[in-house]
Every structure is written in C-alpha cells, then in structure tokens.
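**Student:** Before anything else, here's the structure in question.
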Amino acid sequence: MCLAVPGKVVEITGDGELRMGRVDFSGVTRQACLAYVPEVRIGDYVLVHVGFALSRIDEQAAMETLRTLAEIGALDPASEGEP
Amino acid sequence: MRHVDEYRDAHSVAAVVRRIRESARRRWALMEVCGGQTHSILKFGMDELLPETVELIHGPGCPVCVTPLEMIDRAIAIASRPDVTFCSFGDMLRVPGSDDDLLKVKARGGDVRIVYSPLDALRIARQQPERKVVFFAVGFETTAPANAMAVHRAKAEGLSNFSVLVAHVLVPPALEALLGCEDARIDGLLAPGHVCTVTGYRDYEALAARHRIPIVVTGFEPLDLLNGILAAVTQLERGEARVENEYARAVTRDGNPGARAMVEDVFVVSDRTWRGLGPIPSSGYALAPRYAGFDAEQVFDVGAIAVREPEECRAGLVLQGRLRPTDCPAFGTRCTPEHPLGATMVSTEGACAAYFHYRRAARAVAS
Amino acid sequence: MSRTLESMLVCPAPRSRGDVIELAHGGGGKKTSQLVETLFAPAFRNPQLEPLGDGAIVEVGRERLAFTTDSFVVKPVFFPGGDIGSLAVHGTVNDLAMCGAEPLFLSAGYLLEEGFPMRDLERVVASMAEACSRAGVLLVTGDTKVVDRGKGDGIYVNTSGIGRVRDGVSVGPGRAAPGDVVIVSGPIGDHGIAVMAAREGIDFETALVSDSAPVIAPVRALLDAVPATHVLRDPTRGGLATALCEIALASKVGIRLDETEVPVREEVRGACELLGFDPLYVACEGRFLAIVPGPSAEAALAAIRSQPGGEGARSVGTVASEDPGRVVLRTQIGSHRLLERLSGEQLPRIC
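Protein chains in written order, with this note's numbering: chain A, 36 to 118; chain B, 2 to 368; chain C, 2 to 352.
Spelled out as structure tokens, the structure:
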C-alpha cells in the first residue's frame, strides 16, 4: 500500500496527461507525473507514489495537526521526552 | 525532512502516548489496514510504547501478499517466454509461486526487470518495439491511477507491444469480508491513508455505519499513527462509530477526482481471489473492455494454471489478523526472508517480514 | 559493491538449501557470513584466519604485518566521486588501516572482458595511480586476464595489500569491551546512494558524490592519540548496522546505538525515504567506525576531527555487557528495537 513520500515541486513541464514535475526530496530530485494534481504550483509539496503525485500537501491542515500536537505536548506533565 | 521529521518528534510521541494511556479505560483491538502502517509501527517500535489496553491487529493491506497464487504463477509463465520483457515492482520478484518465483525466472535468463513506476515499463515498450513488454499491475487503489495512466497512454500512442497483467485489489470489500466474520474482534479501524488520497473516505462511511465501528483515516509517520489511534480510542470510549480524518494534510473526503476518473475509464470492478482470504466479490479491478488489447491475460495464452500452496504457511491467518506472525510455528525457523513459505514473509510490507526485521529489544532479551 | 540494480535483491533460498550460489552470498550480510563460516573458514582453518577481520595479522620474524584482499565489481564503473580503480585502492588501503597498520604495498589483478574500451581501462589505471600516490602506497605487482566477450562484466579488479601493524596497537572485531564508546568518522550512506543514483533504472538526481577516500590520516591521528583503540571497522557492504552486529557477536557484548546521534546527510535521508532504504544499512566508503575505551572518547573524537575526512566524526553509541551479541537501537522517537545483520541486500521498496 504504499510508500508515498512528500517532496517539493521545483520544476514543471508539459500539461494535461503529460504534465511532469521535478520533485525535490531533501536535495535528491526525481521526475514525477503531475497529471493528477493540476492545481499544484512550483513550491508546493506533493505526495509521490510510484512516480505519480497523488495529492498536494495541504499546508494549512499540516499546521493544524502540528498545532494540536504542540498543545498536547505543552499540556503533557513530563517535560523531557522519555516515554 | 519537511513533512516527515515533524511527525517523528520524540517529545510529542511521548505526550500522545500518555494521552492514549489515559483515554483507554477498556481493552480495544484496532486494525491498521495497510502493510506500510504495520511496518512503520514495528520499525519505530511503537507497539512497545502503547499501553496493553490497546492491541494492534495487522490487516491485509499488503498488495504483494494478497496477490492470488494463480496470478503469480501466471506471471511466471508469461515472464518465462523468450519474447517477453516482464516488468514489475521489486517486491513481487521474491514472492513464492507454486514452484517458482520471478527472481528465479530471471536467474535462468528470463528478461525480468524491476521498475519504479509503470511509466518506466511504458518507456521500455517505446524503446523496444520488437519486445512484448508486460507490466505486472499489482496494488491497491493507491497504485491504480498510475497503472491506469500507463494503459491509457499506451492506447493513445498505439503501443501494441505493451500489456498489463492486472491484479489490483480494493480495500473496502476486504474489510467488509473481515468485519462480517462471526468471530471478528476488531473494535476499530485505522484506514489506509494513501489509498484514501485517491478514493477519499466516503466508502468507509457505509462500513462504519453498518458495523458500528469507528474508522479513522490515518497516515504513516509515528505521530500520524498515534493520532489515529488516539482518535479511535476516544471514539470507542465515547461509544461513537464514525469516520474521522486524521490525515487531513493529504486526504479529503472526495479524494482525487482526476485520478478516480482515469481509473474508472481504464478499469472495471471485478471479483478477485485474495491469497490468504479467498474469493471476495467485487474486490478487484480488471481492464475495461475497450482496453482488452492491453490485457496480458488475453494476449498470452499460458494454459491452465494449477496452484499449490505450501501447507505449513499460515499467511492467510496473518492477513486476516487472526494470527500474530510470532505465534506461527514456522516463524523464524522454517520460514524466514531467506526461505519464505509465504508472501507475508517476503514482501517489504508483509507483517511477518516486519516482525522478523524489526524485532523488539524486549522480546529478544526475554527469548 | 553490488553490480546492477536487479542484482540487489534478496534471493529466497532454493527449497533445497545451498545447491547454487546466489547474489545474496555476495551481499555482505548473513548469507555471506554463513558462506565464510561454513565453507571457507573450516577449509583453511588457522589462527590468523580465525578472527575473520577486514584483514589478517600475521607475524613474520619480529614484524606484525597486516594482509588483506578485496575484489571490486561495482557497476557502473565510473560514478560521481570515483571509479572502480580508486574504490579498489582506497578500499584495500582502508582495510589495512582497519587492522591498525600503515599501508605499504598493493597488488592489482585485472579481470577484463574482451571488448572493454581501452580508454576506460586507461582512466581506471590513471585513477588507481593517483589514489596510490595520495595514500602513500606503492603498487608493486599485478596480473591481467582477459575473458571472452559475454563472460565478464567489463572489468573486475582485485587488490591485495600489505601493511605494518603499529607497535602497541591491537585492534580486532573481538576486542570491544563494556564501557567503550562507538564513534563514526563522518556521515553514513553517501557512497551507496551516490552509486545507486548513477545506475540505470533508479533515475534520481543528486549532487551527492561517493565518499570513497583513504582514511589513513584520521586513523593515524586516532591511534596516535588513543593507541588502546579496541576496534576499527569500515562499514562497507551491509552498512553501519551490519558492522556493529558482527562486532557485537565477535566481542560478545551488547552495543547500544542512538539513531539521533548517527550523522546522515539530508540528501541521503531523502534518497533513503524515496527508495525505502534504511541509512544504517547503506554502504559507506571513506568512513570508519572506532570503538575506544570510554575515558578516551573525547581524545579520539578530537583526533579524528583534526584530519580531512574526519570533520564529521560523532560518538553514536556505547558498549555494555547486557544483551551480549545484540545491537539495540534507540529510535528517534525514543523507543527501542534490535538491529539485525542485513539479510541478502536491501531491496528498494516500491509499493
């Protein structure tokens, strides 16, 4: 199921079914098909699976999640990270 | 790494684990559906961190593991033909068929190639018009859009030497089958996050209502999994049974409409036999009739396939969540990644392989 | 040092065990160990072979010499940061350094396939000459064989080397002791990922280059500062994890590794996420791990860091008497799990 990895779109070529992008994964780049994410622009993050971007990462939603996690962390009685 | 490391923060992990511990007053059994989630749980030692009140049952979400034996044998037969260049994702090469596997076909001189994307297989077909290029289209709904695009492009470009051997499987029907068992003891589900980026989660709403269990769309990083578990436990403690999305940065209720449209164009829903689970109606994809020319099952007549599953292998029980890999008598002895009896030990997402590779320190010290 | 992308697979053993050699036997993991322990070691049994270290320490008269051999089958032949030739020289020189020896002399055997371009051979040889000069060793003997077209793979190189073991130094895989500290000389995984990026079929771009280089200078500085160093090892095939597993077994100690302390470049992490690899199992070249007595750890780190190639040295773990033979990883989320030796070779995860 599936290894899908988040990366940043740094280049876009073509359009429609042939829309391709160069996606950056921490300094390593790879081509991915962007046909399924027509709304994606350079600088956006996408989830890539078997050479296809399946989803644009929603930065707002990500911030929400991290904010909630930060709140849980702040309310947590232990201040050090030992489980 | 952006959108990765933030979800591996040790302090947050400890805090969420504590919340789970506080929330779970009763014992709950949650099934994480996807093999990738199972691997993440074991790789990060998360099962060791969770309280005993929360039990994780590993689900059948490993497409390599559930590809029917007959299909593996068929793939081997096709790959053995001298005029065929057989392309596949790497995992499939080691899966044992009745007598053989794709890797051995390759060792004997078969033209078997690992590809990372179905587009790679397409490229090979373009570059080598004299070869019959076959792509082994395995996977859940996550991989279907990619495979659909490859077939669609092949038709658009008239690549008559390209065909696909389709063995796609669908998650909701399998879950229905598992939850419908009389002795099902699954209290809640962690739905597969990446499948849902494509399909959305509407289909899970009917499932949740019918079986009255919470279903939480969950990602793969430690904090995503823990958030999913916390949400499921919270619902269970409150007696709720709804679908919740804890992977909102990647998943929406409707999924990816463009991807789904392509899948609906290229594939039709079909009955499918799952290795280890048996036949499940309407649980797979086959090529739509207008793409029949690209269907490897029709292009190649490999005769009747007689399957033979090693008797000792209990992968089926593992896939159904009824047997923990470490409780299988063959685990680690007669069945290891080097000598696998079944697919769950070979596939990188198989539960047995995960237990084998990521053995917990506590278990090892005790043994 | 595997050959093609496809050859990097884990092969399940045939149902009747052991009737043919499999690619996994060359992977540097469990199957390789099994082959060595069950076939080679018993056949040649002798005390110098026994430790099964990177090289053998032999006594000739009053001298302690280190003697090592290695064969190189890397594909592609030329990759970012090196080629089969420089890899061979650095690899052998480093194996001698791992024995606590000053490398002195090398031999080179070339196994060439008919049709291999002369220009490529010239490049490889020039690269080896330069590498020898950099490392301060002399290549004093060699051999050349050519096999029919189709019976080889372009070029294979074997290098053997002799060095003089430093006085007062006694390192070996069985010498780790409770209380010791585990140090790595720099970020792991560069070589494996750089080579993979250069292979066909994987298709990703990176500025990463192989870290293949001689480690003589940092090792020399280390042994000057801490002659009581217990273990030196270069984590090549099988990576850091496999090397530590072997040491834990040989020394009958438990090793604790802290994932957050292990240096890994961002690009290597990115490539590993993409391919589904674990950096702890990716081959390194130009890196070594050192296991030193606890009180000497600071001095050891300072010594290694003072040399080019050692700037990124970090202490990554400790040795204990509990859990002998095991390596326990403390993960970045604070949990623990066992590290095993690599079984076969890492297969890039796809699905």
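All C-beta atoms in this analysis are idealised placements derived from N, C-alpha and C, irrespective of residue type, glycine included.
Locate the alpha helix (DSSP H) running through M129 (chain C), then write down its first and last residues.
**Tutor:** 119-136
**Student:** Closest to C285 (chain C) by C-alpha separation, out of C:A214, C:G277, C:L258, C:A303, would be which residue?
**Tutor:** C:A214
**Student:** Would you mind sorting A47 (chain C) into buried or exposed? The rule is 16 or more other CB atoms within 10 Å of its CB.
**Tutor:** Sequence check: residue 47 (chain C) is Asn here, not Ala. Exposed, by the Cβ-count rule.
**Student:** Would V81 (chain A) pass as an interface residue toward chain B - the criterion being a Cβ-Cβ separation below 7 angstroms?
**Tutor:** Proximity of V81 (chain A) to chain B, defined by a Cβ-Cβ separation below 7 angstroms, is not satisfied.
**Student:** Between which residues of its own chain and G229 (chain B) is the CB-CB distance below 7 angstroms, once the five residues before and five after are set aside?
**Tutor:** L191, V217, T219, E247
**Student:** Out of curiosity, what's the CA-to-CA distance linking P52 (chain B) and A25 (chain B)?
**Tutor:** 8 angstroms
**Student:** How about S284 (chain B) and C63 (chain B): are their beta carbons less than 7 angstroms apart?
**Tutor:** no
**Student:** For V196 (chain B), which residues in the same chain have their Cβ closer than 6 angstroms to its Cβ, ignoring the five residues on either side in sequence?
**Tutor:** F141, E142, T143, V172
**Student:** Between which two residues does the alpha helix (DSSP H) holding F357 (chain B) run?
**Tutor:** For F357 (chain B), the enclosing alpha helix (DSSP H) begins and ends at 352-358.
**Student:** What residue range is occupied by the uninterrupted beta strand (DSSP E) comprising Q66 (chain A)?
**Tutor:** 63-68
**Student:** What are the partner residues of M55 (chain A), as DSSP defines its beta bridges?
**Tutor:** A:T48, A:C68
**Student:** Helix or strand or just coil, what does DSSP make of M32 (chain B)?
**Tutor:** strand
**Student:** Straight-line CA distance for S55 (chain C) to T237 (chain C)?
**Tutor:** Ser is not the amino acid found at residue 55 (chain C); the sequence shown has Asp there. Cα to Cα, D55 (chain C) sits roughly 11 angstroms from T237 (chain C).
**Student:** Reducing DSSP to helix, strand and coil, say where S211 (chain C) ends up.
**Tutor:** coil
**Student:** Beta-carbon within less than 7 angstroms of R273 (chain B)'s beta-carbon, same chain only, minus the 5 sequence neighbours each way: which residues are those?
**Tutor:** V170, I281, S284, G285
**Student:** Relative to the C-alpha of A97 (chain A), which candidate in A:G108, A:A113, A:Y80 has its C-alpha closest?
**Tutor:** The residue with the shortest Cα to Cα distance from A97 (chain A) is A:Y80.
**Student:** For V216 (chain C) versus N95 (chain C), is the C-beta spacing smaller than 7 angstroms?
**Tutor:** Yes, these two residues count as a Cβ contact at 7 angstroms.
**Student:** For C35 (chain B), which residues of its own chain have a beta-carbon under 6 angstroms away from its beta-carbon, when the five flanking residues on both sides are left out?
**Tutor:** G62, P193
**Student:** For the segment 222-233 of chain C against the segment 95-104 of chain C, do three or more pairs of beta-carbon atoms, one drawn from each stretch, fall closer than 8 angstroms, so that the two count as touching?
**Tutor:** yes
**Student:** Look at the Cβ atom of G164 (chain C), then the Cβ atom of A109 (chain C), and state whether they are nearer than 7 angstroms.
**Tutor:** no
**Student:** Below 7 angstroms between beta carbons is the criterion; list the residues of the segment 251-281 of chain C that meet it against any residue of chain A, in chain order.
**Tutor:** E267, E268, R270, G271, A272, E274, L275, G277
**Student:** Please classify D84 (chain C): does DSSP put it in a helix, a strand, or coil?
**Tutor:** strand
**Student:** Return the Cβ separation of G86 (chain A) and A113 (chain A) in integer angstroms, given the expectation that the two are a contact with Cβ distance under 8 angstroms.
**Tutor:** Not really, about 43 angstroms apart at Cβ, beyond 8 angstroms.
**Student:** With a threshold of 7 angstroms on Cβ separation, who are the neighbours of E341 (chain C) within its own chain once the five nearest residues in sequence on each side are excluded?
**Tutor:** C246
**Student:** Between the segment 194-209 of chain B and chain A, which residues of the former have a C-beta closer than 7 angstroms to a C-beta of the latter?
**Tutor:** H195, V196, T198, V199
**Student:** Given a limit of 7 angstroms on CB to CB distance, which residues of the segment 24-47 of chain B reach chain C?
**Tutor:** F45, G46, M47
**Student:** Any idea which residues DSSP pairs T69 (chain C) with across the strands?
**Tutor:** C:G162
**Student:** Any residues in the segment 3-27 of chain B with a beta carbon nearer than 8 angstroms to a beta carbon of chain C? Which ones, in chain order?
**Tutor:** V5, R9, D10, A11, V14, A15
**Student:** Beta carbon of P258 (chain B): closer than 6 angstroms to some heavy atom of the ligand ATP?
**Tutor:** In terms of ligand content, the structure shown is empty, and the ligand ATP therefore cannot be addressed.
**Student:** For P341 (chain B), count neighbouring Cβ atoms within 10 angstroms of its own Cβ and tell me buried if that reaches 16, exposed if not.
**Tutor:** buried
**Student:** Would you kindly work out how many angstroms separate the C-alpha atoms of P369 (chain B) and N162 (chain B), rounded to a whole number?
**Tutor:** Because residue 369 (chain B) is not part of the residues shown, which for chain B are 2 to 368, the question remains open.
**Student:** Say whether chain C places a C-beta atom closer than 7 angstroms to the C-beta of P326 (chain B).
**Tutor:** No, its Cβ sits nowhere closer than 7 angstroms to a Cβ of chain C.
**Student:** When you compare the CB positions of D71 (chain C) and T207 (chain C), do they come within less than 7 angstroms of one another, or not?
**Tutor:** D71 (chain C) places its beta carbon 7 angstroms or farther from that of T207 (chain C).
**Student:** Cα separation between F106 (chain C) and P219 (chain C)?
**Tutor:** 20 angstroms
**Student:** Using only the alpha-carbon positions, how far apart do F221 (chain B) and H4 (chain B) sit?
**Tutor:** 11 angstroms
**Student:** Can you check whether the C-beta of S61 (chain A) is within less than 7 angstroms of a C-beta belonging to chain C?
**Tutor:** Yes, S61 (chain A) counts as interfacial toward chain C.
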